[in-house]
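Comments concern the structure below.
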Amino acid sequence: MVRLRRRTHARSRNDEKLTVLIVLVFGILVAPTAFGQGVLDVVGQLASGINDAGR
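Taking this note's numbering, the leading residue of the sequence shown gets 335, the next gets one more, and so forth.
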């Protein structure tokens, strides 16, 4: 017999917390609120700073 599906591995509690945090952050970014726009600006500045540092 050939197994068609990969065996799934148990996730650590830290992985689950990180996943929840990422989902919440993206939810805030998508929300059309002033707070969401502020977070979007901060994340954008951080990303451009990291990008510029890599050059």
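Yeah, the Cβ is synthetic: ideal placement off N, Cα and C, and Gly gets one too.
Check	Outcome
Classify A365 as helix, strand or coil using the three-state DSSP reduction.	coil
Since I believe G370 is in contact with L363 (beta carbons under 8 Å), could you give me their beta-carbon distance rounded to a whole number of angstroms?	6 Å
When DSSP labels each residue in this structure, what does S346 get in the three-state scheme?	coil
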